[in-house]
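One rule links them: number in this note's numbering = place in the sequence shown (from 1) + 192.
Where is the CB? At the ideal position from N, CA and C, for every residue including glycine.
Structure record follows, encoded as structure tokens.
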Amino acid sequence: MIERTRQNERGMALLLSLILAMVVTSMAIGMVLIAQNNSLVSKFHSNEAMMQAAAEAGLEQARDTLNGTPGLVPLGSGFTTLETNVPTYDADGNPIPGFTRSTYAGLSGNITGQYGVFASVISVINSPRGAVVVRRAELSQESFAKFARFDDVTTPAIRFARGIQVFGPLHTNGVLYVDDAGGRPTFHADVTTAATISVAADGDFMQGYTENVSVIPMPTPTALATLNTQAIAGLTSLTGGALGTTIFNPNTRVEFIPVDLNGDGDYDGEDEGFMRVYQTALTTPQALAYVTGRRWPSVPGGTLASEDPNMISANCGGTWSVADGGDDDWWTADSIYANRAGTASQKRTAVRNALRSATRRCFLGGDPRLYPDSTFRAIDNYGSWLAWPGWGGGPPAA
């Protein structure tokens, strides 16, 4: 029987030491690689964040450029290049090494504009390593239709006074002149001016006002020409006229109001209207004054225009009292004067009392409220409401 003697196993300690050293070395190498990977990931996310911020800054800069440069976006299809491969900067204004930015803008969506005007702005950031970040923003163009009144040029001779009520936003590119003569004017919505308000204390601004805002330029002739193209497509291209070449005697007025075209009691359907147009074919001063509700151009014999300018106005009226020979209903001045029996003096008294009553009002030509029953009339003594060519049904509802 052979017995195994107890003795040291030569070489085992060295082998274990080598294995342990290799394990420790591998762990150290792995830790180094992990640390390097974390560093690369951190740098990647840092660069990504910088590129995204630079791209979004490009969108804001492009929006500011478009606001400050009307007409920069081409009409119709196509786009314009706002900048190409320009340096980018960080929040401190320092250039970011190797980063470049390009921005583009063009109309998007329905480019004809009948549903609004929208533009797409694209900002592209390139890095030295070939990374690319693209950001896009949709912008909508504000319309003049949002203003109840818009004035490009103002004059001290024309002031808001005599208790006038302005409903809806108002903007002027010039000085806004306010006067409390005859009653304080009231502005029920936002008021902005690119200049200042003259005697703002004389008016009541229910939503406040803002002075020295940016000028809103009037549309260019090219832009207006595109509107006519859209109007033709919608059968709403209108040709107005005037007495001779005097622009202060228009024969056409447009009133924006929901219209129940088919008489079904619904004003929001696709086949309903949003405007109506009154026009006179006459060229007499009375007919033209009636359209826009201006001071009546004539007075009856024995009446002074300086004292009773609207004695026979077809636009202004009030309650014709029983005491003056009436029926306590609302009548226009010309109807009172024509139907009041008696002398010219009695006629004048009846009209004066009506125009001084609490119910005195003036309306534009064709307004249903000018008639005793306040119902819509397609044709009156001076003109008519134009029929829209696109509707083949009956007359509009009242």
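Selection from the options that minimises the alpha carbon distance to residue i
i: G517; options: F336, Q253 and Q538; result: Q538
i: R544; options: G558, P450 and S505; result: S505
i: P411; options: G558, S269, F342 and A393; result: F342
i: L578; options: E447, D282, P413 and V370; result: E447
i: G461; options: M223, V451 and L480; result: V451
i: A536; options: V514, D519 and G493; result: G493
i: P409; options: P289, G290 and F336; result: F336
i: T257; options: G270, E275, S269 and A245; result: E275
i: N286; options: G322, V325, A246 and N318; result: A246
i: L362; options: V383, I528, R351 and I350; result: V383
Distance CB(residue i)-CB(residue j) smaller than 7 Å
i: A353; j: L331; result: no
i: V316; j: S300; result: no
i: R327; j: E248; result: yes
i: V313; j: A297; result: yes
i: G366; j: A387; result: yes
Residue environment, residue i, which counts as buried when at least 16 other CB atoms sit within 10 Å
i: T475; result: exposed
i: S218; result: exposed
i: Q357; result: exposed
i: A481; result: buried
i: A570; result: exposed
i: Q422; result: exposed
i: M181; result: Given that the chain is displayed from residue 193 to residue 590, the structure contains no residue 181 and the question cannot be resolved.
i: D458; result: exposed
i: L453; result: buried
i: R487; result: exposed
i: D500; result: buried
i: T280; result: buried
Contacts around residue i, its chain only, beta-carbon distance under 6 Å, and the 5 residues preceding and following it disregarded
i: A590; result: Residue confidence is low: A590 scores 48 on pLDDT, short of 50, so the model does not pin down where it sits. Its coordinate-derived value is still stated next. Here the set comprises T567 and F568.
i: T385; result: T364, L368 and E403
i: G360; result: A340 and A381
i: V345; result: G366
i: S549; result: G510 and T511
i: V391; result: V370
8 Å CB neighbourhood of residue i in its chain, flanking five on each side removed
i: D157; result: As shown, the chain starts at 193 and ends at 590. That puts residue 157 outside it, with no answer to give.
i: A547; result: Per the sequence shown, the amino acid found at residue 547 is Leu instead of Ala. The answer, listed in chain order, is N502, C508, G509, G510 and A525.
i: T541; result: D516
i: G575; result: N443, Y470, Q471, T472, A473, L474, A479, Y482, V483, G557 and G558
Three-way DSSP call (helix, strand, coil) for residue i in this model
i: P560; result: helix
i: F336; result: helix
i: A349; result: coil
i: V469; result: strand
i: P450; result: strand
i: D343; result: strand
i: Y529; result: helix
i: R553; result: strand
i: G250; result: helix
i: S294; result: strand
i: T428; result: coil
i: Q399; result: coil
i: E330; result: strand
i: I288; result: strand
i: G510; result: strand
i: S576; result: strand
Same chain, Cβ closer than 7 Å to residue i, five either side skipped, listed in chain order
i: T261; result: none
i: N443; result: G432, G433, A434, Q471, T472, L480 and V483
i: V265; result: L258, T272, A297, G298, L299 and A311
i: P348; result: Y369
Residue i Cβ short of 6 Å to the ligand PLP heavy atom set
i: A249; result: The ligand PLP is absent from the structure shown, which contains no ligands of any kind.
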